[in-house]
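Note that numbering that gives the first Met the number 0 gives residue 46 to position 47 of the sequence shown, counting from 1, and the numbers run on in steps of one.
So the structure is just underneath, and the comments pick up after that.
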Amino acid sequence: MNTNTDITNTNANTNANANAETKMLQDTDVKVKISRISNGFVEGTQQITKVSEIINLINVDGNTKAFDKNCGMVFYEKSKYANDIFDEIKSSLGHYSTNNKDFITLENGGFIHKESILNIRIIEMEDERVIVIIGLNSRTLFSMSSYDYNNIDNLKNEVSEVVTNKKKTVNWNDFLID
């Protein structure tokens, strides 16, 4: 019995099986969902982040952004999976719901912790007015444009009332432009 021949044949068979499995996977249209929340972490296409660090969650134009309590960005996803990842994070952080007085629930289901807000202001531009929610790090957390929302002054007042606990939630449908 020749041991070298047996090893060569075994390696050849193993490689052939691996190549056949790879070919089979390539021939099938397999949809792989990139994002997963597992063991307290969310995985995106470029990073992995501890879910418990997320206190603010925002999804705008297919971009999912998550911030910690100091408004530092701890997760960012801009891919075809961003909306799915947003939904998974939102589901796993269900205790940050519309019933929680410590959070502002955004129109799309995202949320901002009230303690993360430094200020809310309206910025006047030539042909647009924008409400900007500034975080503790003096950077923009979320903005609302007069292109998307009508009656910016009343919307700012309503958001301010939610922040100061005079009101429970923002009635987003009253302000959305169809």
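Built from N, CA and C at the ideal position, the CB exists for glycine as well.
Discussion item. Quick check on V169: does DSSP put it in helix, strand or coil?
Written reply: coil
Discussion item. By the DSSP assignment, the alpha helix (DSSP H) with V162 in it spans what residues?
Written reply: I151 to V162
Worksheet entry | Anticipated Cβ contact below 8 Å, H112 with I54, distance rounded | 5 Å
Practice prompt. Could you tell me which residues DSSP pairs with V129 in its beta bridges?
Written response: I122 and S144
Practice prompt. To the nearest angstrom, report how far apart N150 and R128 are at their CA atoms.
Written response: 10 Å
Worksheet item: Rounded to whole angstroms, how far is the Cβ of T63 from the Cβ of I84, which I believe are closer than 8 Å?
Response: 5 Å
Item to complete: For the beta strand (DSSP E) containing S37, list its first residue and its last residue.
Response: R35 to S37
Worksheet item: In whole angstroms, what separates the C-alpha of G61 from that of K165?
Response: 32 Å
Item to complete: Over the uninterrupted beta strand (DSSP E) stretch that includes E87, give me the two end residues.
Response: It is not in any beta strand (DSSP E) - E87 instead sits in the alpha helix (DSSP H) that spans A81 to S91.
Item to complete: Alpha carbon to alpha carbon, how far is Y80 from E114? Give it in angstroms, no decimals.
Response: 29 Å
Item to complete: Using 10 angstroms around the beta-carbon of Y148, count the other beta-carbons present and answer buried if the total reaches 16, otherwise exposed.
Response: buried
Discussion item. Here's the rule I'm using: 16 or more other beta-carbon atoms within 10 Å means buried, otherwise exposed. How should I130 be labelled?
Written reply: buried
Item to complete: May I have the straight-line CA-CA distance separating G71 from E106, to the nearest angstrom?
Response: 22 Å
Worksheet item: With burial defined as no fewer than 16 other Cβ atoms inside 10 Å of the residue's Cβ, what is the status of L140: buried or exposed?
Response: buried
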